[in-house]
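Engineer:
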Amino acid sequence: MSSTPKASERPTNPFQMPSTAHHVIRQFSNALCIAFAVLTAAFAIIVLLYLIIYITLQGLPFLNLSFFTELPGAFGSSGGGIGEAIQGTLILVGLASVIGIPLGLFTAIYLSEFGTGWFSQAVRFMVDVLNGIPTIIFGLFAWVLIVIPTHGFSALSGGVALGIIMIPIVARTAEDVLRLVPQELREASLALGATQSRTILQVVIPAATSGIVTGIVLAMARVAGETAPLLMTAFGSTFWFTGVMQPVDALPLRIFVFTDSPYPVQINQAYAGSVVLVVLILLTSFAVRWATGGFKRRF
Amino acid sequence: MSIQVYHLNAWYGRKQALYDIQMTIPFRSVTALIGPSGCGKSTFVRCINRMHEELPNAHAEGEVLIENTNIYASAINPIAVRRHIGMVFQQPNPLPHYSIWENVAIGARLNGLASGKALNEIVERSLREAALWNEVKDRLTLSAAALSGGQQQRLCIARALAIAPKVLLMDEPCSALDPISTMQVEELIMKLKHEYTVVVVTHNMQQAGRIADTTAFFLHGKLIEMGETKQIFSHPQRRETEDYITGRFS
């Protein structure tokens, strides 16, 4: 075979990056971009971890069984718990779900399945606006709508405020997953002579269930942490739940009241309450993701 | 009975997709619709069960006579039309959250054709007709998503047969399938023509040659030529048909 050509005759390696200044700068700026992206991502994670670890370290020592089952003690005294706040949060989120889930879901179905033309554009825009409104405004709305006419703070008014906050969150997440359902599935059903409503109920919604449930849980987790709209509606209480027309406590409200107190005991209990709230939200998210098969898509 | 089509026009928004189609689709035989992409063959087949109008802004006008009834007459409900016409799509589209059995039963249930034991019999008969029974008889309760692509397409055929259709429409039923599955579906189509009137859209001229008794050539939304398959492929009457089947354009 032929001998290796001399260096001068050898063609230059086409895969070699030329080492001109221009290329050096390009490689350097590329590395810089990657480094910046990694650093900012790391920063976001560090903030989250710091928050969770700090709250846990501060609050965990004060967590015990009576903290979950007892009513708050007198300010300054140790002992007592936040049982009524956990109960209240569950009730408020339950009431909110009764309002927010159906309204949000039907809005999503309208937007994804029927919505064409200017009206659906308007609805979608309004839903986005609703999503961006500060939540205290919804508290004010429920206050005007229920608290004033009934002459008293109540669990119902808190549930209504939180329920309205849920509507746009459920509507937009559900709309997104409904749109992901392949058109072929709708056609399969329509071609068999199913009506549109039957197609939606028996084909589209079942195919989107896991995504819809994820959206609903996100919305529930979001309102479980709301404080501002509850200040003028559910108001807070130091007693167990006595009725939907009575004031009720909630975890964020209890944390708010505790942190406001000058006593170290209550500050510590505020941290413990924060741990309970964060864990409650994380657990619900994990449970639902596990139950619906995670973020896996079936198509 | 044959299907007669008179002066059928179809639009997507303002864009006309079909121009004045006149056609007679023979009873209990296979009719293939061929032509280049965008020629209107899929649109035409979707007009036979009034699925075309389900697309946004789409509409169609004209007469399509099935058993001497014009399905475009104003008194006709498109949903009722679709309950008597089976349709198989390009992409196998079994309902993934339903079992194999439920996928076949769903159409018959919608029609209120049968329930209980009679429904079981319809499901079994349809799966046998679709040459799928032996492969799935032991796992009827499994999700339809567990089947292979070719099996899914035969399941979709079984689902269409379960409504006892007067016509079986197939929109490129093999183009998403591998060669062996394609062969199985083609054999199936040739068996089914003894019981059903079959209309197959295909972009594959060899396939049309293999399975169709009659072939119709579409171009730019018009029916250029229709005739016995052998004649279309050996002695096309029109210049455009000859250009297309000899591969001078596609």
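Heads up: the sequence lines are chains A and G, in that order.
Heads up: the first sequence is residues 41 to 339, going by our numbering.
Heads up: the second sequence is residues 109 to 358, going by our numbering.
By construction, the Cβ of each residue, glycine as well, lies at the ideal position given by its N, Cα and C atoms.
In the structure shown, what three-state DSSP assignment does I340 (chain G) receive?
Structural biologist: Helix, per DSSP.
Engineer: Select from the stretch 157 to 188 of chain G all residues with a C-beta closer than 8 Å to any C-beta belonging to chain A, and list them in chain order.
Structural biologist: Within the stretch 157 to 188 of chain G, the residues whose Cβ lies closer than 8 Å to some Cβ of chain A are N157, M159, E162, P164, I187 and A188, listed in chain order.
Engineer: By a C-beta neighbour count over all protein chains shown, 10 Å radius and 16 as the cutoff for buried, is H62 (chain A) buried or exposed?
Structural biologist: When all chains shown are included, H62 (chain A) counts as exposed.
Engineer: For the stretch 315 to 337 of chain G, enumerate the residues whose C-beta is nearer than 8 Å to any C-beta of chain B, in chain order.
Structural biologist: Although the question refers to chain B, the structure presented lacks it and instead comprises the protein chains A and G.
Engineer: Does DSSP put S251 (chain G) in a helix, in a strand, or in coil?
Structural biologist: Strand.
Engineer: Using three-state DSSP, classify F339 (chain A) as helix, strand or coil.
Structural biologist: Annotation note: pLDDT 43 at F339 (chain A) (below 50); position unreliable, no value reported.
Engineer: Evaluate the contact criterion for the stretch 147 to 164 of chain G versus the stretch 241 to 248 of chain G: three or more CB pairs, one atom per stretch, below 8 Å.
Structural biologist: No: the two stretches stay apart, fewer than three of their Cβ pairs being nearer than 8 Å.
Engineer: Please report the Cβ distance between L108 (chain G) and E237 (chain G), rounded to the nearest whole angstrom; I am assuming they are in contact, meaning their Cβ atoms lie under 8 Å.
Structural biologist: Look at the range of chain G in this structure, 109 to 358, and you will see that residue 108 (chain G) is not part of it.
Engineer: Between the stretch 135 to 147 of chain G and chain A, which residues of the former have CB atoms less than 7 Å from a CB of the latter, in chain order?
Structural biologist: Hits within the stretch: zero.
Engineer: Is F341 (chain G) close to chain A? Criterion is C-beta to C-beta, closer than 8 Å.
Structural biologist: Chain A contact via Cβ: absent.
Engineer: Use the C-beta contact count for H205 (chain G): other C-beta atoms within 10 angstroms, 16 or more gives buried, fewer gives exposed.
Structural biologist: Answer is buried; the Cβ neighbour count reaches 16.
Engineer: If you drop the 5 nearest sequence neighbours on each side, which residues of the same chain put their C-beta closer than 6 Å to that of S301 (chain A)?
Structural biologist: Same-chain partners within the cutoff: F115.
Engineer: Would V288 (chain A) and L132 (chain A) qualify as a contact pair, given that the criterion is a beta-carbon distance under 8 Å?
Structural biologist: Going by C-beta atoms, V288 (chain A) is nearer than 8 Å to L132 (chain A).
Engineer: In the DSSP assignment, the beta strand (DSSP E) including H115 (chain G) goes from what residue to what residue?
Structural biologist: Note, H115 (chain G): beta strand (DSSP E), I111 to Y120.
Engineer: According to the neighbour-count rule (16 or more other Cβ atoms, all chains shown, within 10 Å of its Cβ), is V64 (chain A) buried or exposed?
Structural biologist: The residue in question, V64 (chain A), is exposed, as its Cβ has fewer than 16 Cβ neighbours within 10 Å.
Engineer: Quick check on the DSSP output: the alpha helix (DSSP H) that includes F108 (chain A) runs from which residue to which?
Structural biologist: That run of the alpha helix (DSSP H) goes L105 to T109.
Engineer: Excluding sequence positions up to five away, which residues of its chain have a Cβ less than 7 Å from the Cβ of E215 (chain A)?
Structural biologist: Counting only Cβ-Cβ distances below 7 Å, and skipping sequence neighbours, we find A148, L151 and S152.
Engineer: Between the Cα of G335 (chain G) and the Cα atoms of G:P134, G:A168 and G:Q124, which residue gives the shortest distance?
Structural biologist: Of G:P134, G:A168 and G:Q124, the residue nearest in Cα terms is G:P134.
Engineer: Taking DSSP's pairing of strands, which residues face M195 (chain G) in a bridge?
Structural biologist: DSSP lists G:L277 as partners of M195 (chain G).
Engineer: Hey, V293 (chain G) and V153 (chain G): beta-carbon distance below 8 Å or not?
Structural biologist: Not in contact: V293 (chain G) and V153 (chain G) (Cβ atoms no closer than 8 Å).
Engineer: Closer than 7 Å between beta carbons: that is the criterion. Which residues of the stretch 191 to 214 of chain G meet it against chain A?
Structural biologist: Residues R191, M195, F197, Q199, N201, L203, P204, H205 and I214.
Engineer: Would you list, in sequence order, the uninterrupted beta strand (DSSP E) runs of no fewer than 3 residues that lie entirely inside the stretch 183 to 244 of chain G?
Structural biologist: Counting only runs of 3 or more, we get 193 to 196.
Engineer: Please report how far the alpha carbon of F335 (chain A) lies from the alpha carbon of T249 (chain A), in whole angstroms.
Structural biologist: Low confidence applies here, because F335 (chain A) scores a pLDDT of 47, under 50, leaving its location unreliable; read the following figure in that light. One C-alpha to the other measures close to 11 Å.
Engineer: Give me the DSSP bridge partner(s) of V309 (chain G).
Structural biologist: Partner(s): G:L141 and G:D279.
Engineer: Look at the Cβ atom of R190 (chain G), then the Cβ atom of N157 (chain G), and state whether they are nearer than 8 Å.
Structural biologist: Taking 8 Å as the Cβ cut-off, R190 (chain G) and N157 (chain G) qualify as a contacting pair.
Engineer: Could you tell me whether the Cβ of I271 (chain G) comes closer than 8 Å to any Cβ of chain A?
Structural biologist: Yes, contact with chain A.
Engineer: Does any CB atom of chain A fall closer than 8 Å to the CB of L218 (chain G)?
Structural biologist: Answer yes: the Cβ-Cβ gap between L218 (chain G) and chain A drops below 8 Å somewhere.
Engineer: Check whether the stretch 172 to 179 of chain A and the stretch 227 to 242 of chain A are in contact - that is, three or more C-beta pairs closer than 8 Å.
Structural biologist: Judged by Cβ distances under 8 Å, the stretch 172 to 179 of chain A makes no contact with the stretch 227 to 242 of chain A, as fewer than three pairs qualify.
Engineer: According to DSSP, A174 (chain G) sits in a beta bridge with which residue or residues?
Structural biologist: Rather than Ala, the amino acid found at residue 174 (chain G) in this sequence is Ile. Its beta-bridge partners are G:I111 and G:T177.
Engineer: Taking only beta-carbon positions, decide if T60 (chain A) is within less than 8 Å of chain G.
Structural biologist: Not closer than 8 Å to any Cβ of chain G, the Cβ of T60 (chain A) fails to qualify, so no.
Engineer: Kindly indicate which three-state DSSP category L125 (chain G) falls into: helix, strand or coil?
Structural biologist: As written in the sequence, residue 125 (chain G) is Ala, which differs from the Leu given in the question. A125 (chain G) falls in the strand class under three-state DSSP.
Engineer: Rounded to a whole number of angstroms, what is the C-alpha to C-alpha distance between Q124 (chain G) and T151 (chain G)?
Structural biologist: Roughly 11 Å between the two C-alpha positions.
Engineer: Along the stretch 240 to 263 of chain A, where does the CB come closer than 9 Å to a CB of chain G? Name the residues.
Structural biologist: Flagged, chain order: Q242, V243, P246, A247 and T249.
Engineer: Please tell me whether G233 (chain A) has its Cβ less than 8 Å away from any Cβ of chain G.
Structural biologist: Yes, contact with chain G.
Engineer: Thinking G224 (chain G) and R267 (chain G) are a contact (beta carbons under 8 Å), I'd like their distance in whole angstroms, please.
Structural biologist: Actually they are not in contact, since the Cβ atoms of G224 (chain G) and R267 (chain G) sit about 19 Å apart, beyond 8 Å.
Engineer: Measuring straight from C-alpha to C-alpha, what distance separates I208 (chain G) and A252 (chain G)?
Structural biologist: C-alpha separation (whole angstroms): 5 Å.
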